[in-house]
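Residue numbers (the working numbering), protein chains in the order written: chain A, 204 to 699; chain B, 3 to 925. All C-beta atoms in this analysis are idealised placements derived from N, C-alpha and C, irrespective of residue type, glycine included.
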């Protein structure tokens, strides 16, 4: 039984129990799709595969739905690092950068995203072999480095753009343009959620604010609004969650009760209407969220060693706030939230000083400041999830929109954007630990072996969630839209 | 294997080891004998009857020569370089080389093919099957022919007759007439986006009791004449074209005066502008004196230059993306076909080729996302006023020219410096301050006062001393015609004593008398609400000219000139008066508006695989070939004219899509589902019409009306006809037979009830509290902050009094959550939205129960009821029902509410009422 059902009112239960009726009559799809009216299933024309459009009961759009096949992961935590992390200064070790340091060998273009190019620069932090695998990781991120044996690295990622907002869009929605559904929205649309008392898809924004593409990173695009990410963080609850202070709890309860009575009476005129039923149920779930969300946000009960491990105290203020967001992320995963997207970085003007990983000048300072915030809390979050056994069912993804150049900008101290080679990693359910997949060239400038596009990466993510990226689709304006457009191959070599 | 070896033998036997040159000298290559065997052996298995991969077949003359799905000609006679076949055979990248997963063809075989192409690439006329004719099976592209109205006993209107025929065939019938309360609610919400007031309901009940038909017809006519009609129906149109007042993308900058287009749309619907004219004006309003209408073309999102990057390929890609946004908008709204699917290859389903796509974008080559001064019709009062101001200005300038000789005008976004004509080959500007950035410097002369002599396209070269410019602000930015953030910037760390300077060199000596320079005129013209941008341009500099590059003459020096003004009170007085006139022009003169910037159209080419890095053959501006899209234009046709010609093609009365798409859209907004349920896609991938004959009857009626009082292309007339049907006026109540046979109500055995949109909820709440400001049009009300350039918009106040207007006037910001109504499927304006999804989420409940807007308005509704019935809680409670639900409560409802009203307060009751299903649904 659905966990939220037990506490529903008579009407709520009655309506939910008649889901079968709705789906038989076809009412259920009335609001959410035209699937049976579409003349042709166009993905078939591209892939030979017919689309799988989840049947969504408007009375219960978040009900858990089956995957296309047995999933390796039931939940996903995406740690997104806006601004572009330098792969050559973190996980992608390139000895040739020491050799050619200060030189400009042939093959370096005159102009990249921000303008004229300068000379090759060796990594700004030392690399050391780590763990059993001896994976070379830099001292910029000593805490994550400790767990290198557990990670599955993708070193040959490529993207379609050198610009941040388009890059964020592309990574998170599969399109550089605006208005396409985000990865989290697609997964929620496909799978619903196991715990309807919390939002199915939570976006935890950086303490400094939204990333460059703002809501597009966790928006529903043209999918129904039910599947958008709900954004809140350790600091900021979801908007309008709390009962307004001007209204007493007693009066609030009376208002809710009156509402449901009026709705029940109105329903007599439209006894089988699924949309009306959906709205009644949504008010009941909203009421539950008013308790469950503050509960999950309340990290006061966390023991000291946890606060310490995550680095809540003792670092910069931003690190402390990000650490709390990491604890919140773990608590959400524990509670069964389907998709958690955790941001480490914001729009460039969202705060004072450094706001994300973008490091066009003085990368030594800017990357260090950003790493100080990210490294310890993120490493603790992954370790904590593993310790609690949550990585059995949860996939963790650490990712960024592109990489940085192995050379400096002309007369500069920073690295420009590199769309042709960068590194992300996964860990947890369904992926092989200690694997480094694909290679960039000797400078980390372009992909050299087994290139992985964003389409491939997203196809792999969906596959791990038990979803066929070629079949999960939604009809929008003439096209069966997919997260992976008409592209993408699952990277089978990294799967357990 | 057999095939392969046989062909090799054949090839070797017929033309053994000949090079291309030898063949062309010695003999003619024969297609059937020499070329086809090679193709048959290497290509046919994938590009033949079995597979036709990429929709390309080598065994059919038409595709062999014209190409397959890529839309690129396989063979260009006499040109091996442009012939795609040679390109793929000689491709070095094995991923793209043909044949795939095989070794390249031997050189001598490629040579045979090349020789054949050089000789003209002839293929016998009868080779392969019949050449494809220019026809299609697609239902929506067939001519509209008005069908006979079916015999349907008792049908009130022609539309009812078509519907009744299908109902009868499916064992169904119309439901009884809706009760008058539901009917007036339904009609008022659909036509105006507002609920009827209790008084309106009463009046309608009374009139209905006398004569229901007459009362209803009068109601429809009253509502169609309401100015709120345009506000409601404009909203639908703006959704489709994803119009918004910000760019989207990183900075998501506000688009200054873009709202003027929104007002144009509202007025168009209110005035019942004929739909064909509405389309023509939006495509080419500049040609008809309605400049603001072209806001349509730039309704979609775009990425501004500053965030595209410096790489030329990224800049080209961004331009192609912008043209694609224009094509998408037209496809989804006017044509009802997904033209963008033909951007990389021929459309997979519909008869739209890649050439069609690039021909269509060629029509809009002269459009850029930006601002201009919108054209006004002859005799428009603003136009007269502008002319008056212009002549005042000209008179002032004439005096200054005689009396002072040199002066400056501050146009906020830029500075103009006037001086006496002087001949120059080189012009040098020197700035006393180090902190300079200039996005554009224009230089004009007396010969053609409108011709910018400084522009790099005219050969003028900008140079700054070595090492002076910042890496991201090179000298050539100053005269590249690109305004905004692409500027010339000296380094800030220049040694003391070094002054920033820049020299422009013309190809020939020119007579010059005016400079115009700015820091960022683009932001001044296009955007607003930035805390980080002040429209201020450098005013202090020295201008020197030279004919030989060695001797320089100073023509302007602000410091000296300032002194001159100081010493010469009458000159200073003139200057002050002049600036006052300039300020008046800025205030009362034409206002730059984000409705599209005009640029010089580039020659349009097909981009192979959609990539601007792979341009192929030139294409003329045109409509869809399958629909006789030749508009007689070519690459030299001027910007405005090509759009006007395209608009005329699109609005030909015989165009099969234009009228079908619009009547279906009207139907969709009235019944909640179109006759074609995919309003933006009338192609093979879209849905088929549920009532094809009815659709065609209405499409014919729309263009060529037969019903009394109906004008051609009249949107109001078409809506009126539909609203006067029995189908619309019937009850929405469900019944078992109907639910069993047609739960989706596709056959309209009842009026399908549905949820109302975000705007109706908000506007109706404001109406209930009596606080709705019904002012039409004007600047949008703001709910956001004033922000830094690169920051996200934040909602600062979405509920106070300044927001108490209809929601269509709320700043429509791309992908910004307004913290209340975004959760109600309000579109993010990123992609075209022919229909809004309807979803139900707990967040909607939270927003409508707890947002400051909802709580505050619930209080105001209660206050209003109490003010009207200060001493009678029962009457005040009943009044709440009238205000919110347009009806009186029954006894049980009143009882339930009274208890709470007395113990908790009336605002608790009103808060519940605005959250009811009854309030949120269209009955």
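Exercise for the section: Determine the direct distance from the alpha carbon of residue 285(A) to that of residue 491(B), and round the result to whole angstroms. Expected result: Position 489 of the second chain, counting from 1, holds the residue named residue 491(B). Position 82 of the first chain, counting from 1, holds the residue named residue 285(A). The alpha-carbon separation between residue 491(B) and residue 285(A) amounts to approximately 28 angstroms.
Problem - Interface partners of residue 314(A) on chain B, CB under 7 angstroms - result: Against the first chain, residue 314(A) aligns to sequence position 111. 312 and 313, listed in chain order.
Practice task
Quick one: grab the DSSP three-state call for residue 448(A).
Solution key: For the purposes of this step, residue 448(A) is identified with residue 245 of the first chain, where counting begins at 1. Correct three-state label for residue 448(A): coil.
Practice task
Please name the residue, chosen from 757(B), 740(B) and 892(B), that lies closest to residue 172(B) on a Cα-to-Cα basis.
Solution key: If you number the second chain from 1, residue 172(B) lands on position 170. Minimum Cα distance to residue 172(B) is reached at 740(B).
Handout entry: CB of residue 276(A) within 7 angstroms of CB of residue 632(A), strictly
Key = In the first chain, residue 276(A) corresponds to position 73, counting from 1. In the first chain, residue 632(A) corresponds to position 429, counting from 1. Yes, the Cβ-Cβ distance between residue 276(A) and residue 632(A) is below 7 angstroms.
Practice task
Measure the CB-CB distance between residue 623(B) and residue 635(B) and report whether it falls below 7 angstroms.
Solution key: Within the second chain, residue 623(B) is the residue found at index 621, counting from 1. Within the second chain, residue 635(B) is the residue found at index 633, counting from 1. Their beta carbons are under 7 angstroms apart, which means residue 623(B) touches residue 635(B) by this criterion.
Practice task
Compute the Euclidean distance between the alpha carbons of residue 145(A) and residue 900(B), then round it to the nearest angstrom.
Solution key: For residue 145(A) there is no data in the structure shown, the boundaries of chain A being 204 and 699.
Practice task
Indicate the three-state DSSP secondary structure (helix, strand or coil) for residue 445(B) in the structure shown.
Solution key: As a working mapping, residue 445(B) is identified with position 443 in the second chain. Residue 445(B) falls in the strand class under three-state DSSP.
Practice task
Using a Cβ-Cβ cut-off of less than 7 angstroms, list which residues of the stretch 762-777 of chain B approach chain A; keep chain order.
Solution key: none
Practice task
With a 10 Å radius around its C-beta and 16 neighbouring C-beta atoms as the bar for buried, classify residue 913(B) as buried or exposed.
Solution key: For this step, residue 913(B) is matched to residue 911 along the second chain. So residue 913(B) counts as buried.
Problem - Chain-ordered residues of the stretch 260-275 of chain A with a beta carbon less than 7 angstroms from chain B - result: 261 and 264
Practice task
Compare the C-beta of residue 481(A) against all C-beta atoms of chain B and say whether one is closer than 7 angstroms.
Solution key: Walking along the first chain from the start, residue 481(A) turns up at place 278. Yes, residue 481(A) lies at the interface with chain B (some Cβ there is under 7 angstroms from its Cβ).
Exercise for the section: Report the neighbours of residue 433(A) on chain B: residues whose CB is nearer than 7 angstroms to its CB, in chain order. Expected result: Indexing the first chain from 1 puts residue 433(A) at position 230. 845, listed in chain order.
Practice task
Determine whether the Cβ of residue 464(A) lies closer than 7 angstroms to any Cβ atom of chain B.
Solution key: As a first step, residue 464(A) is located in the first chain; it is residue number 261 there, counting from the start. Chain B has a Cβ within less than 7 angstroms of the Cβ of residue 464(A).
Problem - Proximity winner among 688(A), 644(A), 659(A) and 673(A), relative to residue 299(A) (alpha-carbon distances) - result: Locating residue 299(A) in the first chain gives position 96, where the first residue counts as 1. That would be 644(A), whose Cα lies nearest to the Cα of residue 299(A).
Handout entry: Between the CA atoms of residue 392(A) and residue 693(A) - distance to the nearest angstrom
Key = Here residue 693(A) refers to the residue found at position 490 when the first chain is read from its first residue. Here residue 392(A) refers to the residue found at position 189 when the first chain is read from its first residue. Computed Cα separation, rounded: 20 angstroms.
Exercise for the section: Would you kindly check if the distance between the Cβ of residue 359(A) and the Cβ of residue 654(A) is under 7 angstroms? Expected result: Looking up residue 654(A) in the first chain gives position 451. Looking up residue 359(A) in the first chain gives position 156. Yes. Within cutoff.
Handout entry: Under 9 angstroms by beta carbon: chain A residues contacting residue 821(B)
Key = Numbered from its first residue, the second chain carries residue 821(B) at position 819. 442 and 443, listed in chain order.
Practice task
Establish whether the CB of residue 403(A) and some CB of chain B are separated by less than 7 angstroms.
Solution key: Residue 403(A) sits at position 200 when you count from the first residue of the first chain. By this cut-off, residue 403(A) is not an interface position.
Problem - Exposure of residue 401(B), with buried meaning 16 or more beta-carbon neighbours within 10 Å - result: Taking the first residue of the second chain as 1, we reach residue 401(B) at position 399. Looking at its Cβ environment, which holds fewer than 16 other Cβ atoms inside 10 Å, residue 401(B) is exposed.
Practice task
Mind listing the chain B neighbours of residue 585(A)? Cutoff is C-beta to C-beta under 9 angstroms, in chain order.
Solution key: The residue given as residue 585(A) occupies position 382 in the first chain. Going along chain B, no residue has its Cβ under 9 angstroms from residue 585(A), so there is no contact; the nearest lies around 28 angstroms.
Problem - Contacts of residue 834(B) in chain A (Cβ-Cβ under 8 angstroms) - result: For the purposes of this step, residue 834(B) is identified with residue 832 of the second chain, where counting begins at 1. Result: 680.
Handout entry: Under 7 angstroms between C-beta atoms of residue 467(A) and residue 423(A)
Key = For the purposes of this step, residue 467(A) is taken as the residue at position 264 of the first chain. For the purposes of this step, residue 423(A) is taken as the residue at position 220 of the first chain. In this structure, residue 423(A) does not lie closer than 7 angstroms to residue 467(A) by Cβ.
Practice task
Determine the direct distance from the alpha carbon of residue 226(B) to that of residue 726(B), and round the result to whole angstroms.
Solution key: Locating residue 726(B) in the second chain gives position 724, counting from the first residue. Locating residue 226(B) in the second chain gives position 224, counting from the first residue. Computed Cα separation, rounded: 12 angstroms.
Exercise for the section: Compare the C-beta of residue 419(A) with all C-beta atoms of chain D and state if any pair is closer than 7 angstroms. Expected result: Chain labels in this structure do not include chain D; the protein chains are A and B.
Exercise for the section: Would you decide whether residue 429(B) is buried or exposed? Buried here means 16 or more other CB atoms lie within 10 Å of its CB. Expected result: One-based indexing of the second chain puts residue 429(B) at position 427. So residue 429(B) ends up on the buried side.
Exercise for the section: Hey, could you find the ends of the beta strand (DSSP E) residue 652(A) is sitting in? Expected result: What you label residue 652(A) is simply residue 449 of the first chain in a count that begins at 1. Start and end: 650-652.
Problem - residue 587(A) Cβ short of 6 angstroms to the ligand SAM heavy atom set - result: For the structure depicted, the ligand SAM is absent and the ligand set is empty, with no information on it obtainable.
Practice task
Please state if the CB of residue 294(B) and the CB of residue 266(B) are separated by a distance shorter than 7 angstroms.
Solution key: For this step, residue 266(B) is matched to residue 264 along the second chain. For this step, residue 294(B) is matched to residue 292 along the second chain. For residue 266(B) and residue 294(B), yes; Cβs fall inside 7 angstroms.
Problem - Which of helix, strand or coil DSSP assigns to residue 455(B) - result: If you number the second chain from 1, residue 455(B) lands on position 453. Coil, per DSSP.
Problem - Ranges of the alpha helix (DSSP H) found wholly within the stretch 100-166 of chain B, counting only runs of at least 4 - result: 109-120
Handout entry: Cβ neighbours of residue 271(B) in the same chain (closer than 7 angstroms, five flanking residues each side left out)
Key = Against the second chain, residue 271(B) aligns to sequence position 269. Sequence-distant partners of residue 271(B) (beyond 5 residues in either direction) whose C-beta falls short of 7 angstroms from its own C-beta, in its chain, are 231, 232, 235, 236 and 717.
Exercise for the section: Just the chain A side, please: which residues come within less than 8 angstroms of residue 573(B) by C-beta, in chain order? Expected result: Walking along the second chain from the start, residue 573(B) turns up at place 571. Residues of chain A passing the Cβ test: none, with the nearest at roughly 44 angstroms.
Practice task
Answer yes or no: does any C-beta atom of chain B fall closer than 7 angstroms to that of residue 429(A)?
Solution key: Taking the first residue of the first chain as 1, we reach residue 429(A) at position 226. Taking a beta-carbon distance threshold of 7 angstroms, residue 429(A) counts as an interface residue toward chain B.
Practice task
Note down, in chain order, each residue of its chain lying with its Cβ closer than 8 angstroms to the Cβ of residue 405(A), except the 5 sequence neighbours on either side.
Solution key: Counted from its first residue, the first chain places residue 405(A) at position 202. Taken in chain order, the residues that qualify are 432, 433, 434, 435, 535, 540, 542, 543 and 544.
Handout entry: the stretch 367-384 of chain B / the stretch 546-563 of chain B touching (three or more Cβ pairs under 8 angstroms)
Key = no
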